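Novice:
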Amino acid sequence: MVYLVCNFAQSEKNIKRHLLYQPFVTVGEFGFSEMAEKEGMYSSRDWRRIPLCTFFKDARLVFKLDSLGREILSIALPAAMALTADPIASLVDTAFIGQIGPVELAAVGVSIALFNQVSRIAIFPLVSVTTSFVAEEDTLSGASPQIEESRCLEAGPTMDAETKNLLPQKGGNVHNSVLVVESFNIVKEENKRRNIPSASSALFIGGILGLIQAILLISTAKPLLNFMGISSDSPMLHPAQRYLTLRSLGAPAVLLSLAMQGVFRGFKDTKTPLYATVAGDVTNMALDPLFMFVFRLGVTGAAISHVISQYLISVILLWRLMEQVDLIPPSIKHLQFDRFLKNGSLLLMRVIAVTFCVTLAASLAARQGSTSMAAFQVCLQVWLSVSLLADGLAVAGQAILAGAFANKDYDKATATASRVLQMGLVLGLALAFILGTGLHFGAKLFTNDVKVLNLIRVGIPFVAFTQPLNSLAFVFDGVNFGASDFAYSAFSMDVVAIISIICLLILSSVGGFIGIWVALTIYMGLRAFAGFLRIGTGSGPWEFLRSS
Numbered sequence: 000m001v002y003l004v005c006n007f008a009q010s011e012k013n014i015k016r017h018l019l020y021q022p023f024v025t026v027g028e029f030g031f032s033e034m035a036e037k038e039g040m041y042s043s044r045d046w047r048r049i050p051l052c053t054f055f056k057d058a059r060l061v062f063k064l065d066s067l068g069r070e071i072l073s074i075a076l077p078a079a080m081a082l083t084a085d086p087i088a089s090l091v092d093t094a095f096i097g098q099i100g101p102v103e104l105a106a107v108g109v110s111i112a113l114f115n116q117v118s119r120i121a122i123f124p125l126v127s128v129t130t131s132f133v134a135e136e137d138t139l140s141g142a143s144p145q146i147e148e149s150r151c152l153e154a155g156p157t158m159d160a161e162t163k164n165l166l167p168q169k170g171g172n173v174h175n176s177v178l179v180v181e182s183f184n185i186v187k188e189e190n191k192r193r194n195i196p197s198a199s200s201a202l203f204i205g206g207i208l209g210l211i212q213a214i215l216l217i218s219t220a221k222p223l224l225n226f227m228g229i230s231s232d233s234p235m236l237h238p239a240q241r242y243l244t245l246r247s248l249g250a251p252a253v254l255l256s257l258a259m260q261g262v263f264r265g266f267k268d269t270k271t272p273l274y275a276t277v278a279g280d281v282t283n284m285a286l287d288p289l290f291m292f293v294f295r296l297g298v299t300g301a302a303i304s305h306v307i308s309q310y311l312i313s314v315i316l317l318w319r320l321m322e323q324v325d326l327i328p329p330s331i332k333h334l335q336f337d338r339f340l341k342n343g344s345l346l347l348m349r350v351i352a353v354t355f356c357v358t359l360a361a362s363l364a365a366r367q368g369s370t371s372m373a374a375f376q377v378c379l380q381v382w383l384s385v386s387l388l389a390d391g392l393a394v395a396g397q398a399i400l401a402g403a404f405a406n407k408d409y410d411k412a413t414a415t416a417s418r419v420l421q422m423g424l425v426l427g428l429a430l431a432f433i434l435g436t437g438l439h440f441g442a443k444l445f446t447n448d449v450k451v452l453n454l455i456r457v458g459i460p461f462v463a464f465t466q467p468l469n470s471l472a473f474v475f476d477g478v479n480f481g482a483s484d485f486a487y488s489a490f491s492m493d494v495v496a497i498i499s500i501i502c503l504l505i506l507s508s509v510g511g512f513i514g515i516w517v518a519l520t521i522y523m524g525l526r527a528f529a530g531f532l533r534i535g536t537g538s539g540p541w542e543f544l545r546s547s
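Here numbering that gives the first Met the number 0 is used: position 236 in the sequence shown is 235, and no number is missing along the way.
What follows is the structure, encoded as structure tokens:
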């Protein structure tokens, strides 16, 4: 049976055109035909207009290596490896220190948690806004080598008259062609270094924050450790204070290297940070047994090797960045401090909320004794290390989306958001399976203490089966940052943190070690839901989804 399908919203002229050339349309299973879809004649019940359906858009392409898939993976894979390299180095530290004893393992666990959380407060807002700002500036200026190359390829046959006259014609002078090529090389060399104001701002702010963090942690190490649950008469205090003080000497290098990683991510170059991070972490892992066991420095040796590795990473990144970017701005006005402070302060609220939740969880575990803290440290390091694999997808999503929004390319923005979220879910499910089956056997790599091992086995189900939530939460962060939706990210995280803190306090007092992990599961679930809510309702920068 055939019906006449027409779009009453069209003008009378268009209706007549459809009647003349396409008078009959077969109604298919969903109430419209392929022809009607092509002409834009959808019914009012077209479910694909709902913003929520963005998450399912082209889901069959999640494993396809098309141009978008290759672009995402080329950024995500090196970024994920770079992001997980430092936690893996911390895991190696944990494994070596675990051979000394459970007290030292717990002490270093508290110090690492404290140092990392303070570093996140100092640098995470800077790195996030730097990636978005650099990607926007690089896209709008057309300074990216990839963009320039694509433009040259697109303009291949096109050539102005002046250039044609310069090029040698058939039987012309070869010497002239050499001069032309050499002149082009000179121009290319002169324009090799980019002028990206956000890069200079990031390095300046990162260096200042690194010095402040070092001074703060060294001068207040003991009170901060007391706050973390290590009392003055605890056997954990002395090794924890010694490790934290020495490791804090590397804070300027840590924050500078992370700021430079944000710049490279904005350029969609995640390979350079990967090479630098791997070089530093391999150095750390090589020096650990040397300082700890050969020189018999114990916990002190672990801290010294880590500091050396961080300064090596920062030197490599700075050397590579100076080859590509002019880091000396023409004037202080070019540093755009007001832009960084406005958006950075919003993300500072967010990262404080995130940091407080994780730090509170570690503190509550420490208050239950060294056995509980040692088990919690191992579970937390594994939990965070593998979860950061999804952060690679978040970095790719942020870098690509920032450029797409800068160009107002909403089709690419929609396709990128849906693809990275689908890939994040698949990654989370894979990690859940791997950890759920493999961590039972790998726990002995960190400690031989029977009590600690028993508690680790209790935490394994939470570490494994929260991975899909973790992956989605991290990828949603990158998607919202790519859309420069910093205000929503900040305020939604504050609400999530308030609920999570209440859950942590109640459940830890009722369920102890298990209660802490139940609360952390609720925390990650709420984070994922907050990101889901923004895009799923088509609000904020995603409002275009409701009219697309």
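Just so it is clear, CB atoms sit at the ideal spot from N, CA and C, and this is done for glycine as well.
Since this is a predicted model, take the numbers as computed values, not measurements.
Using the three-state DSSP reduction, which class does residue 155 fall into: helix, strand or coil?
Specialist: Annotation note: pLDDT 44 at residue 155 (below 50); position unreliable, coordinate value reported separately. Coil at residue 155, not helix or strand.
Novice: How many angstroms separate the CA atom of residue 219 from the CA atom of residue 421?
Specialist: Cα-Cα distance, rounded: 44 Å.
Novice: Would you decide whether residue 23 is buried or exposed? Buried here means 16 or more other CB atoms lie within 10 Å of its CB.
Specialist: Confidence at residue 23 is low in this model, with a pLDDT of 39, below 50, so its placement is unreliable and the value that follows should be read with caution. Label assigned to residue 23: exposed.
Novice: CA-CA distance, residue 263 and residue 455?
Specialist: Going by the C-alpha atoms only, they are around 37 Å apart.
Novice: Indicate whether the contact test is met: 3 or more Cβ pairs, each with one atom in the region 454-473 and one in the region 423-432, closer than 8 Å.
Specialist: Yes: at least three Cβ pairs fall under 8 Å.
Novice: Does residue 538 come out as helix, strand or coil in the three-state DSSP assignment?
Specialist: Coil, per DSSP.
Novice: List the residues that DSSP assigns as beta-bridge partners of residue 193.
Specialist: Paired residue(s): 324.
Novice: To the nearest whole angstrom, what separates the beta carbons of residue 398 and residue 130, a pair I think is in contact under 8 Å?
Specialist: Yes, they are in contact, since the Cβ atoms of residue 398 and residue 130 sit about 6 Å apart, within 8 Å.
Novice: Alpha helix (DSSP H) containing residue 473: first to last residue?
Specialist: Segment 466-481, the alpha helix (DSSP H) holding residue 473.
Novice: Thinking just about the alpha-carbon of each residue, which of 474, 482 and 462 is nearest to the one in residue 406?
Specialist: Closest option to residue 406, Cα to Cα, is 482.
Novice: Closer than 7 Å by C-beta to residue 277: which residues in its own chain qualify, once you throw out the five before and the five after it? Chain order, please.
Specialist: The residues are 84.
Novice: By a C-beta neighbour count over all protein chains shown, 10 Å radius and 16 as the cutoff for buried, is residue 209 buried or exposed?
Specialist: Per the 10 Å Cβ criterion, buried.
Novice: Using only CA atoms, which one of 123, 533, 331 and 110 lies nearest to residue 216?
Specialist: Considering only alpha carbons, the answer is 110.
Novice: So, for residue 234: in the same chain, excluding its five sequence neighbours on each side, which residues have a beta-carbon less than 6 Å away from its beta-carbon?
Specialist: The answer, listed in chain order, is 102.
Novice: Between residue 504 and residue 139, what straight-line distance do the alpha-carbon atoms span, to the nearest angstrom?
Specialist: Taking the straight line joining both Cα atoms gives about 48 Å.
Novice: Give the straight-line distance between the Cα atoms of residue 509 and residue 539, rounded to the nearest whole angstrom.
Specialist: Whole-angstrom Cα-Cα distance: 40 Å.
Novice: Counting C-beta neighbours from all protein chains within 10 Å, is the total for residue 507 16 or more, i.e. buried, or is it exposed?
Specialist: With 16 or more other Cβ atoms within 10 Å, it is buried.
Novice: Suppose only complete runs of 4+ residues qualify. What are the alpha helix (DSSP H) ranges in the region 231-298, listed by chain order?
Specialist: List check, alpha helix (DSSP H) in window: 236-247, 250-265 and 270-288.
Novice: How would you write the range of the alpha helix (DSSP H) that residue 116 sits in, first residue to last?
Specialist: Looking at the DSSP string, the run of the alpha helix (DSSP H) that includes residue 116 is 101-140.
Novice: Going by DSSP, what residue range makes up the alpha helix (DSSP H) through residue 393?
Specialist: Here the alpha helix (DSSP H) through residue 393 covers 369-405.
Novice: Let's test the definition: count the other Cβ atoms within 10 Å of the Cβ of residue 459 and tell me whether it reaches 16, buried, or not, exposed.
Specialist: Buried, by the Cβ-count rule.
Novice: For my contact list, residue 444 and residue 94 are in at a C-beta cut-off of 8 Å; report their separation, rounded to the angstrom.
Specialist: That pair is a contact at about 6 Å.
Novice: Determine the direct distance from the alpha carbon of residue 91 to that of residue 310, and round the result to whole angstroms.
Specialist: Distance between the alpha carbons of residue 310 and residue 91 is about 19 Å.
Novice: Going along the chain, which residues of its own chain have a beta-carbon closer than 7 Å to the beta-carbon of residue 221, five neighbours each way excluded?
Specialist: Closer than 7 Å at Cβ, skipping near neighbours: 240.
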